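Here the structure is laid out as structure tokens; the discussion comes afterwards.
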Amino acid sequence: MPKNLSLKPRSSDDALHKRNVEITILGRHGKLDEARKLFDEMPQRDDVSYNSMIAVYLKNRDILGAEAVFKAMPHRNIVAESAMIDGDVKVGRLDDVRNVFDSMTHSNAFSWTRLISGYFSCGRIEEALHLFDQVPERNVVFWTSVVLGFACNALMDHARRFFYLMPEKNIIAWTAMVKAYLDNGCFSEAYKLFLEMPERNVRSWNIMISGCLRANRVDEAIGLFESMPDRNHVSWTAMVSGLAQNKMIGIARKYFDLMPYKDMAAWTAMITACVDEGLMDEARKLFDQIPEKNVGSWNTMIDGYARNSYVGEALNLFVLMLRSCFRPNETTMTSVVTSCDGMVELMQAHAMVIHLGFEHNTWLTNALITLYSKSGDLCSARLVFEQLKSKDVVSWTAMIVAYSNHGHGHHALQVFTRMLVSGIKPDEITFVGLLSACSHVGLVNQGRRLFVSIKGTYNLNPKAEHYSCLVDILGRAGLVDEAMDVVSTIPPSERDEAVLVALLGVCRLHGDVAIANSIGENLLEIEPSSSGGYVLLANTYAAEGQWDEFAKVRKRMRERNVKRIPGYSQIQITGKNHVFVVGERSHPQIEEIYRLLQQNLQPLMREMGSTPENLLLVLS
């Protein structure tokens with residue numbers, strides 16, 4: 247053996263290999279900046295270095311960073327080219343995909359398949375088929391990609407035709423076609439094809455069982471599961487999840503208890519099912535039994551408490567999560583924030599959001615804006631809104647609604663102007679807030695223009711909420727006839743309780759008893775169990791002194807067992823909530839409160855022209 251020949255790699259090769267491995271590891275852990283710094287500092291690089299860095303960028307969904315490294319490669323290779331094609335396809339950059347593909351010296355099966363799939367995923371069917379015709383050798387993978395391409399575009403007749411044209415079909419192709427049928431709602435066809443399969447694997451069985459459960463064909467699902475030759479944890483989890491989603495918690499629990507191995511998906515599915523049914527004690531028992539919890543399991547339980555109005559339990563579990571050394575994520579904090587029912591809890595949750603570095607999370611911030619507004623702290627809502635860097639339509643709408651609810655209609659319209667300047671298009675909820683703002687400050691002409699723009703400018707269909715807001719705007723301005731005309735033009739599908747209640751309120755405001763009676767009777771026919779129509783109609787009669795008619799309406803309420811939901815107000819003093827419900831006198835300082843009302847508020851109301859009846863309401 248020559249003296250200069252060694253079987254050991256040179257030290258430089260060892261160092262290069264080590265750097266390449268480090269880049270890959272950093273990328274797997276999401277440390278993109280550290281990986282890039284290491285890559286830039288490398289004294290020398292090989293193809294593996296460039297391939298690794300491209301893979302890191304793509305794993306972290308930075309297609310532009312991957313593209314920059316790809317263009318900087320001294321010599322491109324098929325690994326990098328295939329990776330870029332796959333990355334560009336995932337983000338829909340077909341022109342870039344085609345440029346990379348056309349520049350390849352030797353295209354492989356993967357690049358052809360991904361390119362064809364990319365055109366299908368973007369709905370460019372003819373171009374995909376044109377490429378398919380150009381494939382040098384069409385194997386079962388190419389044929390399957392075309393079948394799936396048609397299926398993802400809901401072209402099942404074409405998918406079926408190409409499936410049966412396949413010169414050969416393997417188990418992957420059969421399974422893909424079954425799944426395509428299921429994904430497109432063709433259960434009978436899927437089930438028939440499944441039975442025709444010459445062979446099946448565990449994945450085939452799992453897909454068909456899941457399809458049965460999604461279609462609410464529980465008996466078929468159970469029959470298939472019991473006849474499976476082999477089962478894996480996916481099979482068991484599919485059964486538990488599917489049965490739970492079909493509200494069959496008892497059977498789901500039976501299979502759950504029989505599982506030889508329970509993965510986190512199965513635990514979560516079972517807990518979620520209990521949460522959805524309001525069985526929080528059962529959900530908590532299951533949660534406590536999980537051998538190794540993760541952030542997702544904590545989130546499921548905290549969110550369950552929050553959704554079922556167990557605010558204290560949600561917050562206590564959140565504290566326990568922190569003490570158990572689990573770091574909350576955005577999902578956790580969203581559940582915690584939305585569960586807060588007092589200003590103190592909300593401020594503490596907000597502080598935790600900032601501490602964890604989530605203050606720029608758009609979803610979380612939107613929730614904070616809404617909750618601060620509902621708690622009466624408009625200044626904090628505005629501060630959170632202004633500090634948000636990436637505002638979406640929900641952010642802008644939340645701030646518009648906040649201003650509207652607090653009676654600052656002009657500020658709401660100013661925010662809307664800023665929203666348009668930023669390039670964000672309003673949605674239906676945005677216009678509800680805007681029209682409500684116009685109603686609060688009496689901007690009739692502005693309200694009219696905004697309503698017309700819903701359809702004319704933004705191509706949205708006005709909903710019942712928009713019509714009721716417009717009726718309210720016109721009614722407050724005394725334009726009763728115009729309000730009636732608006733109601734007469736409403737499509738039947740949008741003429742609901744809210745619209746009629748708004749019109750009835752207009753009639754009550756202007757003492758139009760005859761029209762109010764007609765509207766009220768119509769409303770009671772549509773919503774016989776809703777208290778709003780009864781109360782408004784009764785109050786209209788009372789305001790006009792028609793006490794016999796008033797008594798008749800109240801009698802109908804009693805006969806139909808319609809309960810009026812009492813109104814309430816809520817304030818917070820030194821961190822303590824004080825709730826005042828109509829007719830309720832249980833507050834420990836109630837006598838002092840009423841004495842202050844009599845001394846201070848009653849004279850002011852009298853000066854403003856209030857009637858004795860209204861004064862009585864204040865003190866009742």
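Just so we're aligned, residue 247 is where the sequence shown starts under the numbering used here, counting upward by one. Every residue gets a Cβ at the ideal spot worked out from N, C-alpha and C, and that includes glycine. Bear in mind the structure is a predicted one, so any value in this text is a computation, not a measurement.
Check	Outcome
What does a CB cutoff of less than 7 Å around Ser-650 pick up in its chain, not counting 5 residues either side in sequence?	Ala-658, Gly-679, Ser-682, Ala-683 and His-686
With Gly-947 as the anchor, note down where its alpha helix (DSSP H) starts and where it stops.	Missing from the structure shown is residue 947; the chain here goes from 247 to 866 and no further.
Which full runs of the alpha helix (DSSP H) of 4+ residues lie inside the segment 394–465, going along the chain?	402–411, 417–429, 433–442 and 448–460
Grab the span of the alpha helix (DSSP H) containing Ser-298 for me, first residue to last.	293–305
Work out the CA separation of Glu-538 and Phe-378 for me, nearest whole Å.	48 Å
Tell me where the alpha helix (DSSP H) around Lys-637 begins and ends.	Looking at the DSSP string, Lys-637 is not in any alpha helix (DSSP H), and its letter there is neither H nor E.
Reducing DSSP to helix, strand and coil, say where Lys-317 ends up.	helix
Short check: CB of Tyr-551 to CB of Leu-592, under 8 Å?	no
Using the three-state DSSP reduction, which class does Pro-475 fall into: helix, strand or coil?	coil
Could you check if Thr-735 is buried or exposed, using at least 16 other CB atoms within 10 Å of its CB as the buried criterion?	exposed
Which of helix, strand or coil does DSSP assign to Arg-322?	coil
Quick one: is Glu-711 buried, meaning 16 or more other Cβ sit within 10 Å of its Cβ, or exposed?	buried
CA-CA distance, Asp-522 and Glu-528?	12 Å
To the nearest angstrom, report how far apart Gln-491 and Ile-536 are at their CA atoms.	20 Å
The alpha helix (DSSP H) spanning Val-690 covers which residue range?	690–702
In whole angstroms, what separates the C-alpha of Val-733 from that of Leu-634?	40 Å
So the alpha helix (DSSP H) Asn-545 belongs to, where does it begin and stop?	541–553
Taking a contact to mean a Cβ-Cβ separation below 8 Å, would you say Asn-447 touches Ile-495 in this structure?	no
Is it buried or exposed, Glu-327, if we count other Cβ atoms within 10 angstroms and call 16 or more buried?	buried
Please name the residue in Arg-722, Val-480, Gly-588 and His-654 whose C-alpha comes closest to that of Val-512.	The sequence shown places Ala at residue 512, not Val. The candidate whose alpha carbon is nearest that of Ala-512 is Val-480.
Quick check on Asp-279: does DSSP put it in helix, strand or coil?	helix
Leu-614 by DSSP, collapsed to three states: which one?	helix
DSSP on Lys-582, reduced to helix/strand/coil?	In the sequence on display, residue 582 carries Val and not Lys. Of the three classes helix, strand and coil, the one that applies to Val-582 here is helix, per DSSP.
Where does Glu-859 land, buried or exposed, given buried means 16+ other C-beta within 10 angstroms?	Summary for Glu-859: the model assigns pLDDT 45, below 50, so the residue's position carries little reliability; its value from the coordinates is reported in the next sentence. It is exposed - the Cβ of Glu-859 has fewer than 16 other Cβ atoms within 10 Å.
Rounded to a whole number of angstroms, what is the C-alpha to C-alpha distance between Ala-419 and Gly-655?	60 Å
Are Val-343 and Leu-361 close, meaning C-beta to C-beta below 8 Å?	yes
When you compare only the Cα positions, how much space is there between Asn-612 and Ile-675?	14 Å
Tell me whether the beta-carbon of Thr-908 lies closer than 8 Å to the beta-carbon of Ile-453.	Examination of residue 908 is not possible in this model, given that the chain is present from 247 through 866 alone.
I believe Thr-483 touches Asp-509 by the beta-carbon criterion, under 8 Å. Please report the beta-carbon distance rounded to the nearest angstrom.	6 Å
Under the three-state reduction of DSSP, which class applies to Asp-673: helix, strand or coil?	coil
If I measure Cβ to Cβ from Thr-578 and keep anything under 6 Å in the same chain, skipping five residues before and after, which residues do I get?	Asn-545
Quick check on this structure: which residue in Phe-471, Glu-414 and Gly-457 has the alpha carbon closest to the alpha carbon of Pro-444?	Glu-414
Closer than 8 Å by C-beta to Lys-531: which residues in its own chain qualify, once you throw out the five before and the five after it? Chain order, please.	none
Mind checking Lys-317: buried by the 16 CB within 10 Å criterion, or exposed?	exposed
Please check the pair Ser-456 and Gly-488, which I expect to be a contact at CB under 8 Å, by giving their CB distance rounded to whole angstroms.	6 Å
Just curious, the alpha helix (DSSP H) that Asn-345 is in, first and last residue?	340–349
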